[in-house]
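Comments concern the structure below.
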Ligand SMILES: [Zn+2]
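Take a look at the structure:
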């Protein structure tokens, strides 16, 4: 196994160079970049390193931007298409189309976490790296606006026993919830109501999960939130004014980035943490998901396949 990985690392360097030149593939459209409000892009850049949480789980999510792409080298180990739930090598080291062992392992573990309904929306799987730490996983909406690419950092995902780290499990749940919130079934086909909540993926149905979450927890903050975002753009400081003002409402700092990230973070905590018993707003965000039987089902099923203690312990 070790020897195998060394071979892959060499490949990574090659792909890093290619990625730098062409800037294609992995980063062209990240969910986060697309969902970030345009006025917030600079803020998004600043937040790349700010993924540490208060007391809690640490998420390495995917804020990638053009600027970041110039600075970071992201290597592609291998790219896979999905055929009947199985991965099929599209590009990677010249191994006659044979799927890499670790990649298959990761894919099978993703299948244990992500329910079939959402797995069916994923048509591309990329195994990448930006070195140790940095980005752990990301999901990107493909050009058809219907299907998704999931990218996972091979160097950060598995522990020495080839198991998912607690952190990777939480991150994958977070990424999955982007697909839950932003997939085409959640969007209107034609915008006939200008009051509907719009993200870069499209305009959300009034009764979509994210719209409901937004209406309940974000709408009343938006005027202030936007002003602060603009200020942060001007002075280019990573000043978490909004977060520090409303710290009590967020599960962690990263969640205060925007409604999309808040939804994803809260969802991940909903899955891995016990049901809250208090009525704080951050707990209400977790309780929000308990209102949907389909989410409780997802929660139960994920918790059956993972060692929940390990997740909470190791992800601290
Ligand atoms: Zn995210």
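In the numbering used here, the protein residues as written are 39 to 354. Note that CB positions come from ideal geometry on N, CA and C, so glycine has one too. Every value quoted in this text rests on a predicted model; they were computed, and no experiment measured them.
In whole angstroms, what separates the C-alpha of residue 191 from that of residue 125? Cα-Cα distance, rounded: 16 Å.
Residue environment, residue 116, which counts as buried when at least 16 other CB atoms sit within 10 Å: With 16 or more other Cβ atoms within 10 Å, it is buried.
State yes or no: is the C-beta of residue 237 nearer than 8 Å to some heavy atom of ligand 2? Ligand 2 is absent from the structure shown, which contains only ligand 1.
Identify, in the order they occur along the chain, each residue of the same chain with its Cβ nearer than 8 Å to the Cβ of residue 311, setting aside the five sequence neighbours on each side. The residues are 324 and 350.
Using the three-state DSSP reduction, which class does residue 256 fall into: helix, strand or coil? DSSP places residue 256 outside both helix and strand once states are collapsed to three, so it counts as coil.
What are the residues that DSSP puts in a beta bridge with residue 113? Looking at the DSSP assignment, residue 113 forms a beta bridge with 167.
Return yes when at least one heavy atom of ligand 1 lies under 8 Å from the C-beta of residue 213, else no. A heavy atom of ligand 1 is found nearer than 8 Å to the CB of residue 213.
At 3 residues or longer, what runs of the beta strand (DSSP E) sit wholly inside the stretch 120-202? The stretch 120-202 contains, as complete beta strand (DSSP E) runs of 3+ residues, the segments 124-129, 160-167, 175-179 and 186-191 (chain order).
If contacts are defined as beta-carbon pairs under 8 Å, then residue 293 and residue 299 qualify, I think. What distance do you get, rounded to the angstrom? Contact flag correct, Cβ pair sits at about 6 Å.
Do three or more CB pairs link the stretch 282-290 to the stretch 339-346 at distances below 8 Å? By the Cβ criterion, the stretch 282-290 is not in contact with the stretch 339-346, since fewer than three pairs of Cβ atoms, one from each stretch, lie closer than 8 Å.
Where are the alpha helix (DSSP H) runs, 4 residues long or more, that stay fully inside the stretch 283-328, in chain order? Counting only unbroken stretches of 4 or more residues, the alpha helix (DSSP H) elements lying wholly within the stretch 283-328 are 297-310 and 319-328, in sequence order.
Determine the DSSP secondary structure at residue 222, reduced to helix, strand or coil. Looking at residue 222 - three-state DSSP - the assignment turns out to be helix.
Less than 6 Å between C-beta atoms, sequence neighbours within five positions excluded: which residues of the same chain meet that for residue 170? Contacts found: 193.
Sorted by chain position, which residues of the same chain lie with C-beta nearer than 6 Å to residue 151's C-beta, five sequence neighbours on each side aside? Once the five neighbours on either side are set aside, the close Cβ partners of residue 151 are 210 and 340.
So, using beta-carbon positions, are residue 159 and residue 184 closer together than 9 Å? Taking the C-beta atoms as reference points, residue 184 is found nearer than 9 Å to residue 159.
Short Cβ contact (9 Å threshold) for residue 217 with residue 186: With contacts defined as CB atoms closer than 9 Å, residue 217 and residue 186 qualify as a contacting pair.
Comparing the CB of residue 302 with every heavy atom of ligand 1, is any distance shorter than 8 Å? Under cutoff, so the answer is yes.
Under the criterion of a Cβ to heavy atom distance below 8 Å, does residue 259 qualify as lining ligand 1? Using a cutoff of 8 Å, the CB of residue 259 does not count as near ligand 1, since none of the ligand's heavy atoms is closer than that.
What did DSSP end up calling residue 242 once you bin it into helix, strand or coil? DSSP, read as helix, strand or coil, puts residue 242 in strand.
Does residue 229 come out as helix, strand or coil in the three-state DSSP assignment? The three-state secondary structure of residue 229, taken from DSSP, is coil.
Residue from 348, 251 and 213 with nearest C-alpha to residue 174: Checked all of 348, 251 and 213; the closest Cα to residue 174 is 213.
Contact check, residue 237 vs residue 297, beta carbons under 9 Å: Against a cut-off of 9 Å, the Cβ pair of residue 297 and residue 237 comes out as a contact.
Assigned exposure category for residue 262 - 16 Cβ within 10 Å defines buried: Of the other Cβ atoms in all chains shown, fewer than 16 fall within 10 Å of the Cβ of residue 262; this residue is therefore exposed.
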